[in-house]
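Asks: Structure below; questions to follow.
Protein chains: 2
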Amino acid sequence: MPAANGAKCPAMALAEAILVCLTERPMTGYELTKTFDTSIGFFWRAAHQQVYRELQQLRASGFLDSEEVIQTGKPNKTIYTVNARGRRHLKEWSRAATERPPARDNLYVKLYALDCVDLAAVRAQIAERLVMHKARLALYERIEAKRFSGRINDLRRTGLKLGLQLGLTVERGAIAWCETALATLDQHLGKALRAGRERRQKASA
Amino acid sequence: MPAANGAKCPAMALAEAILVCLTERPMTGYELTKTFDTSIGFFWRAAHQQVYRELQQLRASGFLDSEEVIQTGKPNKTIYTVNARGRRHLKEWSRAATERPPARDNLYVKLYALDCVDLAAVRAQIAERLVMHKARLALYERIEAKRFSGRINDLRRTGLKLGLQLGLTVERGAIAWCETALATLDQHLGKALRAGRERRQKASA
DNA sequence: GTCTGCATGTAACTGGTTACATGATTAT
DNA sequence: ATAATCATGTAACCAGTTACATGCAGAC
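Encoded structure:
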């Protein structure tokens with residue numbers, strides 16, 4: 034006999050990401066969508082369509098309570114709150130181990146067959162990534178200084194700080210890698226350039 | 034008017050991951066599946082069902098040629114080869130920039146609301162990850178020593194080496210993070226333990 | 001007048017996962 | 001006997017993306 038609740042066993046993780054966001058404070062779908070664009074969005078992105086769809090299901094499963102707020106001059110909104118069942122579900126879910134998901138990054142696919150790609154284009158893409166990683170690192174460092182500099186006692190903020198530290202580690206690693214990758218590719222591009230120059234000189238001689 | 038080829042513009046990346054694998058050598062779906070379990074599988078996983086489905090589409094798009102090999106004592110097999118159109122498509126695809134995909138790791142979701150989870154269970158999951166990252170690092174180091182130690186000249190192997198270096202960086206970062214995370218969580222778990230002991234002592238006094 | 005913000009959705013499609021299926025050969 | 005290896009698929013489902021839709025308020 035399966036468990037009495039309406040939850041399926043496997044991964045099913047956007048649902049929990051939403052629940053987790055709502056444990057901080059009750060929110061509307063719109064606010065949740067913005068959250069998936071910033072804070073939790075650093076590692077989990079979701080479009081508003083997905084958020085609204087999932088909210089329906091979570092309410093149907095009995096994990097959320099909803100309250101409609103009638104507004105004037107603005108569209109009405111529905112505020113969702115995690116209830117006791119939702120919290121129990123979250124704790125239960127947290128016990129199941131989950132594997133590291135694969136990176137599934139197109140850029141790595143290009144690296145995997147460097148002889149089949151447009152080298153200059155891929156080089157430019159790595160340079161772009163470098164800029165992005167530096168910006169992300171700077172952002173994380175600002176957040177760290179502003180909100181996680183002193184001693185931290187509560188569990189909630191400890192988790193967030195650990196997440197932030199992970200982010201800092203990842204970005205620093207990525208920056209270092211981008212820099213060596215660019216240097217390596219430049220050697221190859223330089224070789225190609227020099228070969229081109231020689232060919233042209235021979236042709237004109 | 035859309036481009037004359039049958040390719041859609043957006044991500045569509047398993048297709049290219051398969052093409053890239055087949056540029057190394059022609060393979061059957063079965064061999065490809067095994068490749069997605071090991072080498073390219075380090076950053077892109079795909080089950081055999083997905084591989085066979087995609088192979089059909091790639092052949093229909095005219096990027097692959099296929100040849101059936103009749104065998105005795107074993108099931109027949111189909112060997113797929115990337116043709117000129119496929120190679121052109123790959124090069125074209127390599128020019129389009131792609132964003133870093135979100136990590137979408139359940140473990141990070143748990144960190145995000147550490148006050149709502151089973152702390153001891155999450156600690157155990159991080160410990161498990163640490164073991165996994167160490168094993169992966171050791172594997173990468175063996176591959177580096179065995180196949181990428183000397184000077185490398187060809188572009189293909191340069192790309193693979195860069196990928197490997199990225200892997201090394203990622204694993205080392207992950208290991209360092211897991212260790213600090215475990216230390217941090219142990220402080221909290223220790224606190225909880227001590228509090229429990231005190232409660233029991235008071236009750237028995 | 002055009003754009004951004006607030007607030008919500010439907011529909012169609014693509015990509016990834018799970019379950020189920022077949023059937024011979026070789027190794028333990 | 002039992003499991004693993006070779007080799008290929010179908011079907012259903014879940015999750016993520018893209019496109020399309022509505023409508024008011026306030027800023028520029």
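Respectively, the protein sequence lines represent chains D and H. Under our numbering, the first residue of the first sequence carries the number 34, and numbering increases by one thereafter. Under our numbering, the first residue of the second sequence carries the number 34, and numbering increases by one thereafter. Positions of the beta carbon are idealized from the N, C-alpha and C atoms, including for glycine.
Here's the rule I'm using: 16 or more other beta-carbon atoms within 10 Å means buried, otherwise exposed. How should threonine 71(D) be labelled?
Replies: That one is exposed.
Asks: Please list, in chain order, all residues of the same chain as leucine 47(D) whose beta carbon is under 7 Å from its beta carbon, the five residues on each side excluded.
Replies: Around leucine 47(D): Ala79, Gln83, Glu87.
Asks: What residues in its chain sit with their C-beta under 6 Å from that of alanine 207(H), if we drop five residues either side in the sequence?
Replies: His166
Asks: Among Phe76(H), Leu188(H), Pro134(H), which has the Cα closest to the Cα of glutamate 57(H)?
Replies: Leu188(H)
Asks: Measuring straight from C-alpha to C-alpha, what distance separates threonine 217(D) and aspartate 151(D)?
Replies: 15 Å
Asks: With a floor of 3 residues, list each beta strand (DSSP E) that falls wholly inside the segment 93-164 of chain H, ordered by position along the chain.
Replies: 97-102, 110-115
Asks: Provide the residue span of the alpha helix (DSSP H) that contains serine 237(H), from first to last.
Replies: 188-237
Asks: Short of 7 Å in beta carbon distance, which residues of its chain neighbour glycine 106(D), apart from the five on each side in sequence? Order them along the chain.
Replies: none
Asks: Sort Trp210(D), Glu49(D), Leu226(D) by Cα distance to tryptophan 77(D) and report the nearest one.
Replies: Glu49(D)
Asks: Using DSSP with H/G/I as helix, E/B as strand and the rest coil, what is threonine 71(D)?
Replies: In the structure shown, threonine 71(D) sits in coil (DSSP, three-state: anything other than H, G, I, E or B).
Asks: Give me the Cα-Cα distance between phenylalanine 75(H) and leucine 55(H), rounded to the nearest whole angstrom.
Replies: Looking at the backbone, the Cα of phenylalanine 75(H) and that of leucine 55(H) are separated by about 17 Å.
Asks: Check whether the segment 168-180 of chain D and the segment 121-139 of chain D touch, using three or more Cβ-Cβ pairs below 8 Å as the test.
Replies: No, they do not touch.
Asks: Can you find the residues in the same chain that come closer than 7 Å, C-beta to C-beta, to arginine 104(H), ignoring five residues on each side of it along the sequence?
Replies: The residue you asked about is not arginine; residue 104(H) is glutamine in the sequence shown. The residues are Lys110.
Asks: Could you check whether the Cβ of glycine 39(D) sits closer than 9 Å to any Cβ belonging to chain H?
Replies: Low per-residue confidence applies at glycine 39(D): pLDDT is 36, beneath 50, and the placement is therefore not dependable enough to give any value.
Asks: Quick one: give me the first and last residue of the alpha helix (DSSP H) that alanine 80(D) is part of.
Replies: Taken as a continuous stretch (DSSP letters only), alanine 80(D) belongs to no alpha helix (DSSP H), as it is neither H nor E.
Asks: Tell me, which residues are paired with methionine 45(H) by DSSP?
Replies: Note: methionine 45(H) sits in no beta bridge, so no partner.
Asks: Among Glu177(D), Gln220(D), Arg128(D), which one has its Cα closest to the Cα of isoleucine 185(H)?
Replies: Gln220(D)
Asks: Shorter than 9 Å from the beta carbon of lysine 167(D) to some beta carbon of chain H?
Replies: no
Asks: Considering Cα atoms alone, identify which of Lys143(D), Thr191(D), Ala157(D), Lys224(D) is closest to lysine 194(H).
Replies: Lys143(D)
Asks: If I'm right that glycine 192(H) touches alanine 136(D) with Cβ under 8 Å, what's the distance once you round it to whole angstroms?
Replies: Not confirmed; about 16 Å, so no contact.
Asks: Could you please give me the residues that DSSP links to threonine 61(D) through a beta bridge?
Replies: Ile112(D)
Asks: Tell me which residues of the segment 130-156 of chain D have at least one Cβ-Cβ distance to chain H shorter than 7 Å, keeping chain order.
Replies: Ala130, Thr131, Arg133, Pro134, Pro135, Ala136, Arg137, Asp138, Asn139, Leu140, Tyr141, Val142, Lys143, Leu144, Tyr145, Ala146, Leu147, Asp148, Cys149, Val150, Asp151, Ala154, Val155
Asks: Using a Cβ cut-off of 7 Å, which residues of the segment 101-127 of chain D contact any Cβ in chain H, in chain order?
Replies: Arg120, Leu123, Lys124, Ser127
Asks: In whole angstroms, what separates the C-alpha of threonine 66(D) from that of arginine 128(D)?
Replies: Computed Cα separation, rounded: 27 Å.
Asks: What is the rounded straight-line gap between the Cα of leucine 226(D) and the Cα of phenylalanine 96(H)?
Replies: So the alpha carbons of these two residues sit roughly 31 Å apart.
Asks: Can you tell which of Ala168(H), Arg169(H), Val164(H), Leu197(H) has the C-alpha that lies nearest to the C-alpha of arginine 180(H)?
Replies: Leu197(H)
Asks: Expressed to the nearest angstrom, what Euclidean distance is found between the alpha-carbon atoms of serine 182(D) and threonine 202(D)?
Replies: 17 Å
Asks: Check whether the Cβ atoms of leucine 163(D) and glutamate 212(D) lie closer than 9 Å to each other.
Replies: yes
Asks: I need the DSSP call for arginine 184(D), collapsed to helix, strand or coil.
Replies: coil
Asks: Please list the residues of the segment 68-93 of chain H that have a C-beta atom closer than 7 Å to any C-beta atom in chain D, keeping them in chain order.
Replies: Ile73, Phe76, Trp77, Arg78
Asks: Can you find the residues in the same chain that come closer than 7 Å, C-beta to C-beta, to glutamine 158(D), ignoring five residues on each side of it along the sequence?
Replies: Leu140
Asks: If you draw a straight line from the C-alpha of glutamate 101(D) to the C-alpha of glycine 62(D), how long is it?
Replies: 12 Å
Asks: Confirm, please, whether the CB-CB distance from glutamate 161(D) to alanine 153(H) is below 9 Å.
Replies: Going by beta carbons, alanine 153(H) and glutamate 161(D) fall outside the 9 Å limit.
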